[in-house]
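Engineer:
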Amino acid sequence: VPWQVQKHVLDFFFFFSLGCGTLLILDQNESGLRLFRSFDWNDGLFDVTWSENNEHVLVTCSGDGSLQLWDTAKAAGPLQVYKEHTQEWDPTVGKSLCTFRGHESVIYSTIWSPHIPGCFASASGDQTLRIWDVKSTGVRIVVPAHQAEILSCDWCKYNENLLVTGAVDCSLRGWDLRNIRQPVFELLGHTYAIRRVKFSPFHASVLASCSYDFTVRFWNFSKPDPLLETVEHHTEFTCGLDLSLQSPTQVADCAWDETIKIYDPVCLTMPA
Ligand SMILES: *[C@@H]1O[C@H](CO)[C@@H](O)[C@H](O)[C@H]1NC(C)=O
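According to full-length UniProt numbering, the sequence shown is numbered sequentially starting from 1.
#1: Is Leu-188 helix, strand or coil by DSSP?
#2: Is Thr-235 helix, strand or coil when you go by DSSP?
#3: Take the Cβ of Val-81 as the centre, count every other Cβ of all protein chains shown within 10 Å, and call the residue buried at 16 or more, exposed below.
#4: Ignore the nearest five residues each way along the sequence and tell me which others in Leu-69's own chain have a CB closer than 7 Å to its CB.
#5: Give the single residue among Glu-84, Glu-55, Leu-24 and Ile-131 whose Cα lies nearest to the Cα of Ser-66.
#6: Where does Thr-22 fall in DSSP's three states?
#7: Looking at C-alpha atoms only, which residue of Lys-135, Cys-156, Val-134 and Ser-122 is the closest neighbour of Val-143?
#8: Identify the continuous alpha helix (DSSP H) that holds Thr-269 and give its terminal residues.
#9: Which residues does DSSP pair with Lys-198 in a beta bridge?
#10: To which residues of the same chain is Gly-125 closer than 6 Å at the C-beta, ignoring the five residues directly before and after it?
#11: Might you give, ordered along the chain, the residues of its own chain that have their beta carbon closer than 6 Å to the beta carbon of Lys-261, omitting 5 neighbours on each side?
#12: Thinking C-beta only, is Phe-46 closer than 8 Å to residue 285?
#13: With which residues is Tyr-82 paired in a DSSP beta bridge?
#14: Taking all protein chains shown into account, do 16 or more other C-beta atoms lie within 10 angstroms of the C-beta of Cys-156, making it buried, or fewer, making it exposed?
#15: The beta strand (DSSP E) spanning Ile-116 covers which residue range?
#16: Please state whether the Cβ-Cβ distance between Thr-238 and Arg-195 is less than 8 Å.
#17: Indicate whether Val-197 and Val-164 have their beta-carbon atoms separated by less than 8 Å.
#18: For the putative contact between Ala-193 and Val-216, defined by C-beta atoms under 8 Å, what is the C-beta separation to the nearest angstrom?
#19: To the nearest angstrom, how far is it from the Cα of His-103 to the Cα of Ala-145?
#20: CA-CA distance, Val-184 and Gly-21?
#21: Give the single residue among His-190, Leu-162, Cys-170 and Phe-221 whose Cα lies nearest to the Cα of Asn-179.
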């Protein structure tokens with residue numbers, strides 16, 4: 001079932017993994033956010049994503065190198081644990097379908113192309129963005145995107161050739177895969193490393209980024225003055241960010257200050 005069809009089935013739309021191995025499933029209703037379920041894991045959980053074809057299923061990754069498959073309908077532990085990475089982020093050959101090699105440092109982020117089946121991108125501490133295809137084991141495109149570690153990347157849902165990278169050099173850069181010699185845009189303003197970047201699912205030229213400078217920033221890269229809004233509502237590093245696929249204005253972010261903020265930034269409620 002595509003996510004567009006099942007989006008009304010459940011209203012769970014957000015998640016958060018806490019430093020020491022807890023996955024919280026929050027449920028939004030008229031009176032606010034409610035804790036729906038909580039799962040524990042014996043190591044830190046670093047990231048989480050929902051399945052797009054089963055509204056009950058999520059996958060997390062943890063510091064012990066394993067992936068956990070969870071079912072929100074079942075209070076007990078994970079449905080499945082996949083242990084192939086031998087340490088944080090270091091891949092080894094195992095039972096995975098394919099293993100992709102080439103990066104020369106930690107890989108911080110991967111994202112499927114929303115357009116091209118089997119195509120995905122990865123961002124790494126080796127300062128490159130790489131484009132891969134599951135049908136061939138070698139890398140397709142290597143973009144020397146920054147002269148710093150790249151912590152995050154995202155693929156534009158409106159343009160199959162456009163990706164964005166966010167790096168330790170505080171910059172966001174847009175990349176057109178047809179010409180990677182220089183970025184198609186560069187967004188400057190953050191004052192510490194950029195931890196995550198996400199394109200808007202609703203506005204073709206809008207994206208959001210969060211940073212170790214405690215802020216979340218919204219940008220319209222088509223404008224000469226691209227910074228739309230700076231949100232500073234956390235008291236620690238902001239490390240997670242997502243724009244709702246359901247609501248054109250709703251954003252969720254989270255930080256080392258142990259809070260999640262759900263909000264509608266002014267720039268999305270009143271686009272200029
Ligand atoms: C982004 O900027 C472009 C160019 O100025 C404008 O046409 C568009 O409406 C803007 N989008 C939003 C959501 O602000």
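Where a beta carbon is used, it is the ideal one built from N, C-alpha and C, also for glycine. Predicted model, so just to flag it, every value in this text is computed and none were measured.
Structural biologist: The answer reads as follows:
#1: coil
#2: coil
#3: exposed
#4: Val-57, Val-59, Pro-78, Leu-79 and Gln-80
#5: Glu-84
#6: strand
#7: Ser-122
#8: 266 to 269
#9: Ala-208
#10: Ser-105, Val-106 and Glu-149
#11: His-233 and Asp-253
#12: The shown model of the chain, from 1 to 272, leaves out residue 285, and the question about it has no answer.
#13: Leu-67
#14: buried
#15: Neither: Ile-116 is in no beta strand (DSSP E) and is coded neither H nor E.
#16: yes
#17: yes
#18: Contact flag wrong, Cβ pair sits at about 14 Å.
#19: 13 Å
#20: 39 Å
#21: Leu-162
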